[in-house]
Every structure is written in structure tokens, then in C-alpha cells.
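Undergrad:
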Amino acid sequence: MEVECIPFKETGYFSQLICDYLDQKKDLSPFFSRYPLPENFGDQIQEKAANYPKANRKVLVDALKKQYQGVEVSKGTQKNIDALSKENTFTVVTGHQLNLFTGPLYFLYKIVSTINLAKQLNKEHPKNHFVPVYWMATEDHDFDEINYFNLHGKKVLWNKKASGAVGRLSTQGLEEVFEIFSAELGNLGLTDNLKELFKKAYLEHSTLTEATRYLANALFADQGLVIVDGDDKSLKELLVPYARMDMLDHTPYEKISETIDALGEASPDYNIQVNPRQINYFYLKDGLRERIILKKGKYHVINTHIDFTEEELLKELDEHPERFSPNVVARPLYQEVILPNLCYIGGGGELAYWLELKSYFDEVGVTFPMLMLRNSALLITEKQSEKVAKMGLKTSHLFMKQHSLINKKIRDISNIDIDFSPQKKLLEEQFQHMYELAEQTDKSFLGAVKAQEVKQKKGLDNLEKRLLRAQKRKLKDHVVRLTDLQNELFPNQSLQERQLNFSEIYLEMGEDLIPLMLDTLNPFSQDFIIIKHK
Numbered sequence: 179m180e181v182e183c184i185p186f187k188e189t190g191y192f193s194q195l196i197c198d199y200l201d202q203k204k205d206l207s208p209f210f211s212r213y214p215l216p217e218n219f220g221d222q223i224q225e226k227a228a229n230y231p232k233a234n235r236k237v238l239v240d241a242l243k244k245q246y247q248g249v250e251v252s253k254g255t256q257k258n259i260d261a262l263s264k265e266n267t268f269t270v271v272t273g274h275q276l277n278l279f280t281g282p283l284y285f286l287y288k289i290v291s292t293i294n295l296a297k298q299l300n301k302e303h304p305k306n307h308f309v310p311v312y313w314m315a316t317e318d319h320d321f322d323e324i325n326y327f328n329l330h331g332k333k334v335l336w337n338k339k340a341s342g343a344v345g346r347l348s349t350q351g352l353e354e355v356f357e358i359f360s361a362e363l364g365n366l367g368l369t370d371n372l373k374e375l376f377k378k379a380y381l382e383h384s385t386l387t388e389a390t391r392y393l394a395n396a397l398f399a400d401q402g403l404v405i406v407d408g409d410d411k412s413l414k415e416l417l418v419p420y421a422r423m424d425m426l427d428h429t430p431y432e433k434i435s436e437t438i439d440a441l442g443e444a445s446p447d448y449n450i451q452v453n454p455r456q457i458n459y460f461y462l463k464d465g466l467r468e469r470i471i472l473k474k475g476k477y478h479v480i481n482t483h484i485d486f487t488e489e490e491l492l493k494e495l496d497e498h499p500e501r502f503s504p505n506v507v508a509r510p511l512y513q514e515v516i517l518p519n520l521c522y523i524g525g526g527g528e529l530a531y532w533l534e535l536k537s538y539f540d541e542v543g544v545t546f547p548m549l550m551l552r553n554s555a556l557l558i559t560e561k562q563s564e565k566v567a568k569m570g571l572k573t574s575h576l577f578m579k580q581h582s583l584i585n586k587k588i589r590d591i592s593n594i595d596i597d598f599s600p601q602k603k604l605l606e607e608q609f610q611h612m613y614e615l616a617e618q619t620d621k622s623f624l625g626a627v628k629a630q631e632v633k634q635k636k637g638l639d640n641l642e643k644r645l646l647r648a649q650k651r652k653l654k655d656h657v658v659r660l661t662d663l664q665n666e667l668f669p670n671q672s673l674q675e676r677q678l679n680f681s682e683i684y685l686e687m688g689e690d691l692i693p694l695m696l697d698t699l700n701p702f703s704q705d706f707i708i709i710k711h712k
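Sequential numbering from 179 applies to the sequence shown in the numbering used here.
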């Protein structure tokens, strides 16, 4: 196995905001507390310890014990759940949707990053204990985002009408998905292991929450991973004061809106990931998760006939906190209220919206976590790596946009020069003399000279493009081999980790896959990792 590293900002797949965050640009310093460097965790521990209510630990541990009833719990996970009752124990957490059979490959990278961070912190801070946590997004209702995964370029789809929180969905109907999955896998090699894993997770559990917990537990339980379901009445009771502030005082709406304006002033290149609403909660029941809005002086649940007066809303919140579901803006606060958490590990899009939240956390007196970009990786076989070398390329070149990569390759192997830069430079020198002549004789000719220069440069550009197209046709075999290879490693012109399901890699590597990731991925790395494997 070989490992190659590329700085995230050189891949072309990360936003300007995230690249600037990784560079710790001063303009972004108001939007986070501490950057996730090893030396900064000591101060984060002290701050969280001072602000995290002791009573919350008992609520958390009791809730986890109930959630794990009937689940085969590993010694490591049980030890970590018990440790959470102690004041010297803290968490590092990642969150993810309940994608069918984990969804994209980066689900594994998120959890491995979290596990490895906890391991490193346990070594560096032996007086404390650190627990890796996977927060299941059980209350999401975007079923169309999670009801499939890709295998061999095909979509394995759970075709079902669904409403409400996805975690509560029945797994009925997944027998048909299993048959499709099983047929696509065939009967060779390691397929039986994958079939058994899918069957036990989805055909032997009644809800999507239970199935996902089983699956993540089966993959990572020996690493002590603790899995949290936020759709829990006892945990929601801790959220009540903050939900009241949101729905009555609109605190997050005001603070986050101010932050969005400040980010826009910091740079026009920073794309805003999420916008707050006046009320950032849904009303939640079986089969129902709809937004709460203010309408004609009442709190109205959209797409229903449900209305509350302020008094009725507060009574419902106190008696049934489980019926109030935080949206993407309020969910991070919920997580940090119930967990003794130090750091959130997420993808670029997630970190972008977390950077909108700090002033809101400050306003309500909740410690803002450190924000760490999860590991990203490209898995490439030795055979694919050899192909890259034979083409005279580096693996890093494959991150280029396809048309740029093809143009680079054609220029590299062509026996004629398809770069007209020298001709353009010569043209500019010739026109410089004409500008000087116009200045000395009649300045009104300057515009005509400029127009002629632009016309002739454009003509050279067109000739260069035509010549390049002709060479592409002539060297078609090279172009085909190159595009085929890039499409293998970057399906749909996207990162492998966003397209492939782990099962496709598992068929090549088997049970070595997760140990390889655990050995290779370093959460403190600032690089995109390329892993060359057999």
C-alpha cells in the first residue's frame, strides 16, 4: 500500500470558504472558537467542562442505555457509554443521514475520522476519556436523499412512499431491494458477507433507525463507537428552554442573519449554506414532520389544520417535547446541549453552515465546538495506478476537470506545438509599436488599433482550438483510455467518495477495508489522501 497526499485546496473540489478556513484566515476568526489543532483541545476541554451541566450526563447515559436495549453491545461501546457518566469524559462527534446501506463511501470516512480523533486525544490527554459518537439524523424527512445507493454504476433504489421522520419508517418492502442488491452482487468472492450484513440490518429490524444502528454497530462496534438517536423524549426535555427562545424570541433567526451578513462582508466568494427561519422547528408525529410558522397570530403547522396559541404551544412543548423537531439550524445546538462534546467532524458543506452559528451559540450560552474537516480519500488499485504511470501522468492530474485533463495530455504527447502563447506575445509586441505610432500621429486611431489586436488574438485562439480538436481526433485512443480511467475513479465527474458505496470497494478488499482506513486516515491532516491498494 502507498499513500499520496494533495492539499485540499489543490483538488478543485472544496469551496473558497473551506479553503480559507483550513488556512485559518483572519477574516474567518469571528466565526469559530478554536481551530482543531492538537494543542487547542486542552482549552476546549476546560471550557466545555465549565459549561456542560452535570445533570445532563445522567439523562444522556440513561437515554443511551434504553436506546441500546436489545442491541448486541461490544465491550468498547459499553465502556464508553458508562464512561459518559464521569465528568472527565468528553465526546467527538459526526452526524449523518440514514442512507440506505450507508449511502456514499464518505459515510465511513466520517466515522473513521471521528474514531481516530478520539484515539489520538486519549493518548495526548490521559487524564480524560474521549468517546467517538455517530449522531443519526433520524428526524430528517428528505427520504429521496437517502433511499438509494450506487453499485456498479447502477442505482439500488428503495421505491416507497414516505412521509415524516425517516428514522420511524418501517423497513417493510426492503425484501425487494435485497433481491435487487443480491442479484447485482452475484455469487462470487465476498458477496455472501455483504448479503448477510444487509439482510440482518434491514430484514431483521422493524424501523430504519434500528437498521442503521445495527449496521453502524456491525461495522464499528469494536472501535467503541457510540450511536445516538436524537428522536428521544428524555433528550428533547433538555432542549425545551432553547426551543422556547427560538419560537417566541426568534433568537437564532436574528443572530444567524447577522452572521450571514458578516460572512458576505468578509468575502463575496463565501456561499451561504443555510438560511435561518423565524421558527426553526418542525412539528413531529408518526408520518408527519412539518414546519411551524407564525400565521395570523397563531403557531400553525403547515400542510395541516393544527394551530396553537402561544399558551397552547408552550403547554405542548412542556408536555410533549418529543413532538418538536429541530431543523438544520437548531439541530447542532441540540447536539451540543446534550453531549459533553468538544469537536464536530463533517464535510465541507456541513462546516460551512456550522460557521454561521457561533454568535447564536454565544447568545444562548452554549459552548461552540471545534470544527474539523473530515478525511477524504481516493482509493486506487495497483492496476489503475500503473495505467496512470504509463500515460505519463500523476494521480493528482486526475483531479483536473476532464476537458482540461484531455487538453493537457494532448499537448504532452502531440508531436506539434499546440500552444500559441509565443505567437500571441509577438503579436502584442507588434501592436505596441502601432499604439506608439498612433499616439504620435492621431490618437483617434487607438480604438481601431485595439479592436484589430483583439480580433487577431481571437483568431489565434480559434486556430489553437481547431488544431487541438484535430489532434484529439488523431490521438483518439489516448483520449479514450484517459477518459475511461478518470471516469472509473471519478464517477459522474465527481469524487469517488460521493458516488460509490462501500460495498463496491469491499468486494475488492474484504475485511481489510475498514482497518486500512483506520490505519491511514489522520483527522489532523490538511490533505486529501490517495490510497493505492492491491
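Glycine included, each C-beta is placed from N, C-alpha and C at the ideal position.
Please classify W336: does DSSP put it in a helix, a strand, or coil?
TA: Position 158 of the sequence shown, counted from the start, is the residue given in the question as residue 336. W336: coil per DSSP, three-state reduction.
Undergrad: DSSP three-state label for G190, please.
TA: As a first step, residue 190 must be located in the sequence shown, where it is residue number 12. G190 falls in the coil class under three-state DSSP.
Undergrad: Measuring straight from C-alpha to C-alpha, what distance separates E225 and R455?
TA: By one-based count along the sequence shown, residue 225 stands at place 47. By one-based count along the sequence shown, residue 455 stands at place 277. Looking at the two C-alpha atoms, the distance is approximately 29 Å.
Undergrad: Please identify the residue among Q634, A227 and Y538 whose C-alpha is closest to the C-alpha of N266.
TA: Position 88 of the sequence shown, counting from 1, holds the residue named residue 266. Among Q634, A227 and Y538, the Cα nearest to that of N266 belongs to A227.
Undergrad: If you measure between the beta carbons of G465 and E317, is that distance less than 8 Å?
TA: Here the question's residue 465 lines up with position 287 in the sequence shown. Here the question's residue 317 lines up with position 139 in the sequence shown. Result no, Cβ atoms of G465 and E317 do not sit closer than 8 Å.
Undergrad: Between the beta-carbon of V311 and the beta-carbon of T269, is there less than 8 Å?
TA: Along the sequence shown, one-based indexing puts residue 311 at 133. Along the sequence shown, one-based indexing puts residue 269 at 91. Yes, the pair counts as a contact, with Cβ atoms nearer than the cut-off.
Undergrad: If we call anything under 8 Å between Cβ atoms a contact, is N453 one with P430?
TA: Residue numbering aside, residue 453 sits at position 275 when the sequence shown is read from its first letter. Residue numbering aside, residue 430 sits at position 252 when the sequence shown is read from its first letter. Contact: no.
Undergrad: Looking only at its own chain, which residues have a Cβ that is under 7 Å from the Cβ of E494, when we skip the five neighbours before and after it?
TA: In the sequence shown, residue 494 corresponds to position 316, counting from 1. Once the five neighbours on either side are set aside, the close Cβ partners of E494 are F486 and R501.
Undergrad: In or out: T250 buried (at least 16 other Cβ within 10 Å) or exposed?
TA: Sequence index remark: in the sequence shown, residue 250 carries index 72 (1-based). According to the sequence displayed, residue 250 carries Glu and not Thr. Exposed is the call here.
Undergrad: Taking three-plus beta-carbon pairs below 8 Å as touching, is the segment 682-701 in contact with the segment 286-294?
TA: yes
Undergrad: What is the DSSP secondary structure of N519, counted as helix, strand or coil?
TA: Working through the sequence shown from its first residue, we reach residue 519 at position 341. Note: N519 maps to strand in three-state DSSP.
Undergrad: Taking L551 as the reference, give the member of E357, V181, I196 and M425 with the closest Cα.
TA: Taking the first residue of the sequence shown as position 1, residue 551 is located at position 373. L551 has its Cα closest to that of I196, out of E357, V181, I196 and M425.
Undergrad: Given that a residue counts as buried once 16 or more other Cβ atoms are within 10 Å of its Cβ, and exposed if not, what is V479?
TA: Your numbering for residue 479 matches position 301 in the sequence shown. The residue is buried, with at least 16 neighbouring Cβ atoms inside 10 Å.
Undergrad: How many angstroms separate the CA atom of A399 from the CA atom of I405?
TA: Along the sequence shown, read from residue 1 onward, the residue named residue 399 stands at position 221. Along the sequence shown, read from residue 1 onward, the residue named residue 405 stands at position 227. Cα to Cα, the separation comes out at about 10 Å.
Undergrad: Quick one: using the 10 Å Cβ neighbour count with 16 as the cut-off for buried, is A233 buried or exposed?
TA: As a first step, residue 233 must be located in the sequence shown, where it is residue number 55. So A233 ends up on the exposed side.
Undergrad: Please name the residue, chosen from V237, D322, I438 and L329, that lies closest to Q674 on a Cα-to-Cα basis.
TA: On the sequence shown, position 496 is the one that residue 674 refers to. The shortest Cα separation from Q674 among V237, D322, I438 and L329 belongs to L329.
Undergrad: Rounding to the nearest angstrom, what Cα-Cα distance links K565 and Y326 in this structure?
TA: Mapped onto the sequence shown, residue 565 falls at position 387. Mapped onto the sequence shown, residue 326 falls at position 148. Each residue's alpha carbon lies about 32 Å from the other.
Undergrad: Taking all protein chains shown into account, decide if S207 is buried (16 or more other Cβ within 10 angstroms of its Cβ) or exposed.
TA: By one-based count along the sequence shown, residue 207 stands at place 29. Answer is exposed; the Cβ neighbour count stays below 16.
Undergrad: Tell me which residue opens and which closes the beta strand (DSSP E) that T272 is part of.
TA: On the sequence shown, residue 272 is found 94 positions in, with the first residue counted as 1. Counting along the chain, the beta strand (DSSP E) containing T272 begins and ends at T267 to H274.
Undergrad: Need the endpoints of the beta strand (DSSP E) that F460 sits in, please.
TA: In the sequence shown, residue 460 corresponds to position 282, counting from 1. Segment Y459 to K463, the beta strand (DSSP E) holding F460.
Undergrad: Say whether the segment 498-516 touches the segment 371-389, bearing in mind that this needs 3 or more beta-carbon pairs closer than 8 Å, one atom from each stretch.
TA: no
Undergrad: Return helix, strand or coil for D322, following the three-state DSSP convention.
TA: As a first step, residue 322 is located in the sequence shown; it is residue number 144 there, counting from the start. D322 falls in the helix class under three-state DSSP.
Undergrad: Take the Cβ of D410 as the centre, count every other Cβ of all protein chains shown within 10 Å, and call the residue buried at 16 or more, exposed below.
TA: Counting from one through the sequence shown, the residue named residue 410 turns up at place 232. So D410 ends up on the buried side.
Undergrad: Please report how far the alpha carbon of Y380 lies from the alpha carbon of Q245, in whole angstroms.
TA: Here residue 380 refers to the residue found at position 202 when the sequence shown is read from its first residue. Here residue 245 refers to the residue found at position 67 when the sequence shown is read from its first residue. Each residue's Cα considered, the two are about 18 Å apart.
Undergrad: In chain order, what residues of the same chain lie with their CB nearer than 7 Å to the CB of P499, ignoring the 5 residues before and after it?
TA: As a working note, residue 499 is residue 321 in the sequence shown. The residues are K411, K414, E415, L417 and V418.
Undergrad: Excluding five sequence neighbours on each side, which residues of the same chain lie with their C-beta closer than 8 Å to the C-beta of D705?
TA: For the purposes of this step, residue 705 is taken as the residue at position 527 of the sequence shown. Only C183, I184, P185 and F186 meet the Cβ criterion.
Undergrad: Ends of the alpha helix (DSSP H) at E382?
TA: Along the sequence shown, read from residue 1 onward, the residue named residue 382 stands at position 204. That residue, E382, is in no alpha helix (DSSP H); it is neither H nor E in DSSP.
Undergrad: Between Q610 and L638, how many whole angstroms is the CB-CB distance? I'm expecting something under 8 Å.
TA: Reading the sequence shown from its first residue, position 432 is the one you call residue 610. Reading the sequence shown from its first residue, position 460 is the one you call residue 638. The Cβ separation is near 16 Å, so there is no contact.
Undergrad: Let me check understanding here. Comparing Cα to Cα, which of D447, A440 and Y392 lies closest to Q194?
TA: Your numbering for residue 194 matches position 16 in the sequence shown. Comparing Cα-Cα distances from Q194 to each of D447, A440 and Y392, the minimum goes to D447.
Undergrad: Quick check: the segment 524-533 against the segment 679-695, are at least 3 beta-carbon pairs closer than 8 Å?
TA: no
Undergrad: Kindly indicate which three-state DSSP category D157 falls into: helix, strand or coil?
TA: Because the chain spans 179 through 712 in this model, residue 157 falls outside it and cannot be assessed.
Undergrad: Assuming F285 and G526 are in contact, meaning their beta carbons sit under 8 Å apart, how far apart are those beta carbons, in whole angstroms?
TA: Locating residue 285 in the sequence shown gives position 107, where the first residue counts as 1. Locating residue 526 in the sequence shown gives position 348, where the first residue counts as 1. With 8 Å as the limit, F285 and G526 do not qualify as a contact, their Cβ atoms being about 15 Å apart.
Undergrad: Any contact between the segment 661-670 and the segment 557-572? By contact I mean 3 or more CB pairs, one from each, below 8 Å.
TA: yes
Undergrad: When the Cα atoms are used, what is the spatial distance from S622 to Y613?
TA: Numbered from its first residue, the sequence shown carries residue 622 at position 444. Numbered from its first residue, the sequence shown carries residue 613 at position 435. Their Cα atoms are separated by approximately 11 Å.
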